[in-house]
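Asker: FYI, our numbering numbers position 87 of the sequence shown as 102, with every residue one higher than the one before it.
Cβ coordinates follow ideal geometry from the N, Cα and C atoms, glycine included.
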Amino acid sequence: MIKYILKRISVSVVTLFVITFILFLMLDLMPGSPFNDDKITPEQRELINEKYGLDKPILERFVKYTSLMVQGDFGVSYNIQKDAKVSNLLKGRTDISFTLGAQAVVLGTLVGAVLGIIASLKHNTWIDTLTSTIAVAGVSIPSYVFALVLVYIVAFQWRWVPVLWDNSRQAVSSILPVISLSMFTIATVSRFLRSEMLEVLNSDYIQLARSKGLSEAKTIFKHGIRNALIPVITVLGPLVVNLMTGSLVVEKIFGIPGLGELFINAIQFNDYNIVMAIAFLYSVMFIAVMLIVDILYGIIDPRIRLAKGER
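(1) When you compare each of Trp173, Asp309, Gln96 to Val250 by their alpha carbons, which one comes out closest?
(2) Give me the residue from Leu296, Ala186, Leu105, Ile282 with the minimum Cα distance to Gln118.
(3) Would you decide whether Arg108 is buried or exposed? Buried here means 16 or more other CB atoms lie within 10 Å of its CB.
(4) Could you tell me whether the stretch 283-300 touches the stretch 128-135, where touching means 3 or more Cβ pairs closer than 8 Å?
(5) Whose C-alpha, out of Gly273, Leu105, Val29, Ile149, is nearest the C-alpha of Asn182?
(6) Do Leu258 and Ile279 have their CB atoms nearer than 9 Å?
(7) Over what stretch of residues does the alpha helix (DSSP H) that includes Lys100 continue unbroken?
(8) Tell me the residue span of the alpha helix (DSSP H) that contains Arg206.
(9) Sort Leu69, Thr114, Leu21 by Cα distance to Asp43 and report the nearest one.
(10) Count Cβ pairs between the stretch 234-243 and the stretch 92-102 that sit closer than 8 Å; are there 3 or more?
(11) At the level of alpha carbons, what is the spacing between Pro49 and Leu40?
(12) Compute the distance between the beta-carbons of Val304 and Pro253, then report whether it is under 9 Å.
(13) Beta-carbon within less than 7 Å of Leu179's beta-carbon, same chain only, minus the 5 sequence neighbours each way: which residues are those?
(14) By the 10 Å Cβ neighbour count, where 16 or more other Cβ atoms means buried, how is Phe161 classified, buried or exposed?
(15) Let me confirm a value: Ser197 is counted as buried when at least 16 other C-beta atoms fall within 10 Å, else exposed. Which label applies?
(16) For Val33, which of Val299, Leu104, Leu306 has the nearest alpha-carbon?
(17) Count the other C-beta atoms from every protein chain shown that fall within 10 angstroms of the C-beta of Arg326, then say buried if there are 16 or more, exposed otherwise.
(18) When DSSP labels each residue in this structure, what does Ile24 get in the three-state scheme?
(19) Per the contact definition of three or more C-beta pairs closer than 8 Å, is the stretch 141-153 in contact with the stretch 123-132?
(20) For Val176, which residues in the same chain have their Cβ closer than 8 Å to its Cβ, ignoring the five residues on either side in sequence?
(21) Nearest by alpha-carbon distance to Val166: which of Ile142, Arg184, Ile194, Ile156 is it?
(22) Out of Glu61, Leu74, Leu105, state which residue places its alpha-carbon closest to the alpha-carbon of Ile289.
(23) If we ignore side chains and look at the alpha-carbon of each, how far apart do Val85 and Glu65 end up?
(24) Assign Leu223 to one of two classes, buried (16 or more other C-beta atoms within 10 Å of its C-beta) or exposed (fewer than that).
(25) If you reduce the DSSP assignment to three classes, tell me which class Val33 lands in.
(26) Confirm, please, whether the CB-CB distance from Val126 to Ser210 is below 9 Å.
(27) If the criterion is Cβ atoms closer than 9 Å, does the pair Val120 and Thr200 meet it?
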């Protein structure tokens, strides 16, 4: 197991390095410059590029950037907050986006799993129809539509929670954004778990377990759910990244000062260091989640670990 984990970590580190270089190269090839002010003369632009090291060859700049990045230094902002450390700009926003995303992941996974299991056990009943309808609605309707409906009913009409984000009341302010973000996860997890559970419950080894006198509860929880979770984990991985990095539209609706707003502003103003830092965080999140998924594969079903090791 340790050898398997170390191998997956090594692959993840190499992948992250390649992604970082591609991001750095793409930003360098982008049209325009962080200093597009028409009032700046060519001589002044050359001095500014020299000040920030943008006049150096791309490989030299990449090596210097990565050496500082591994120490947590993402450079300084060129435009949004001139010469301010990017790491300081990300601190508060990262905490907010990741916290909301984590809460949405937990809520969506738990509720979706419960609905999926109940739907599979109550197959072809009104309960199954109801959960399937919820799942279809959750997949079909964007999260920002749920957000707008919740704002109008819960915040505006009932006045149970504030309409806009309030830093002094973060726990209350996060209720509606978390519910809005979790709807797609609830729908996705419930749909996949329902279909996988139905397939597993009708499999030969489940029928054999029942014929041997194993209790229904033990059959379902020990053999059914465990085997049905593997495809669900595959789907859940990318969803975790999307939620934990936040949703730009949902953040805009609730006035949440998260990463999404800063990311869009940085792209508009060609603030390369901020764009690079946030894109790097997204990449780290995605690779870390997929690494965890791979490790969970090996824990849930050792046959997967052995098969990958043989290859």
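Answerer: In terms of the structure at hand:
(1) For the purposes of this step, residue 250 is taken as residue 235 along the sequence shown, with counting starting at 1. Out of Trp173, Asp309, Gln96, Asp309 has the C-alpha closest to the C-alpha of Val250.
(2) Here residue 118 corresponds to residue number 103 of the sequence shown, with the count starting at 1. Comparing Cα-Cα distances from Gln118 to each of Leu296, Ala186, Leu105, Ile282, the minimum goes to Ala186.
(3) Locating residue 108 in the sequence shown gives position 93, counting from the first residue. Residue burial is scored here from C-beta neighbours: Arg108 has at least 16 other C-beta atoms within 10 angstroms and is therefore classed as buried.
(4) No contact exists between the stretch 283-300 and the stretch 128-135.
(5) Within the sequence shown, numbered from 1, the residue matching residue 182 stands at position 167. When only C-alpha atoms are compared, the closest one is Gly273.
(6) What you label residue 258 is simply residue 243 of the sequence shown in a count that begins at 1. What you label residue 279 is simply residue 264 of the sequence shown in a count that begins at 1. Contact flag unset, no.
(7) By one-based count along the sequence shown, residue 100 stands at place 85. Taken as a continuous stretch (DSSP letters only), Lys100 belongs to no alpha helix (DSSP H), as it is neither H nor E.
(8) Here residue 206 is taken as the residue at index 191 of the sequence shown, counted from 1. Per DSSP, Arg206 belongs to the alpha helix (DSSP H) from 190-216.
(9) Indexing the sequence shown from 1 puts residue 43 at position 28. Comparing Cα positions, the closest option is Leu69.
(10) Touching, no, given that fewer than three Cβ pairs across the two stretches are closer than 8 Å.
(11) Your numbering for residue 49 matches position 34 in the sequence shown. Your numbering for residue 40 matches position 25 in the sequence shown. Take the alpha-carbon of Pro49 and the one of Leu40: they are about 16 Å apart.
(12) Here residue 304 refers to the residue found at position 289 of the sequence shown. Here residue 253 refers to the residue found at position 238 of the sequence shown. Cβ atoms of Val304 and Pro253: closer than 9 Å.
(13) Here residue 179 refers to the residue found at position 164 of the sequence shown. The residues are Phe269, Gly270.
(14) To locate residue 161, count along the sequence shown from 1; it is residue 146. The residue is buried, with at least 16 neighbouring Cβ atoms inside 10 Å.
(15) Position 182 of the sequence shown, counting from 1, holds the residue named residue 197. With 16 or more other Cβ atoms within 10 Å, it is buried.
(16) Residue numbering aside, residue 33 sits at position 18 when the sequence shown is read from its first letter. Here the closest residue by C-alpha is Val299.
(17) For this step, residue 326 is matched to residue 311 along the sequence shown. In this prediction, Arg326 has a pLDDT of 45, which is less than 50 and means its spatial position is unreliable; what the coordinates show is noted afterwards. Exposed.
(18) On the sequence shown, position 9 is the one that residue 24 refers to. Shown here, Ile24 sits in a helix according to DSSP, grouped into three states.
(19) At 8 Å Cβ cutoff, the stretches touch.
(20) As a first step, residue 176 must be located in the sequence shown, where it is residue number 161. Around Val176: Val169, Ala170, Val187, Ser188, Ile190, Leu191.
(21) Taking the first residue of the sequence shown as position 1, residue 166 is located at position 151. Of Ile142, Arg184, Ile194, Ile156, the residue nearest in Cα terms is Ile194.
(22) For the purposes of this step, residue 289 is taken as residue 274 along the sequence shown, with counting starting at 1. The option with the nearest alpha carbon to Ile289 is Leu105.
(23) Numbered from its first residue, the sequence shown carries residue 85 at position 70. Numbered from its first residue, the sequence shown carries residue 65 at position 50. The straight-line gap separating the alpha-carbon atoms of Val85 and Glu65 is approximately 23 Å.
(24) Within the sequence shown, residue 223 is the residue found at index 208, counting from 1. Residue environment analysis places Leu223 among the exposed positions, since fewer than 16 neighbouring C-beta atoms fall within 10 angstroms of its C-beta.
(25) Walking along the sequence shown from the start, residue 33 turns up at place 18. If DSSP states are grouped into helix, strand and coil, Val33 belongs with the helices.
(26) On the sequence shown, position 195 is the one that residue 210 refers to. On the sequence shown, position 111 is the one that residue 126 refers to. Inclusion of Ser210 and Val126 in the CB contact set at 9 Å is not warranted, their separation being larger than that value.
(27) Translated into the one-based positions of the sequence shown, residue 120 becomes position 105. Translated into the one-based positions of the sequence shown, residue 200 becomes position 185. It is a contact, given that the beta carbons lie within the stated cut-off.
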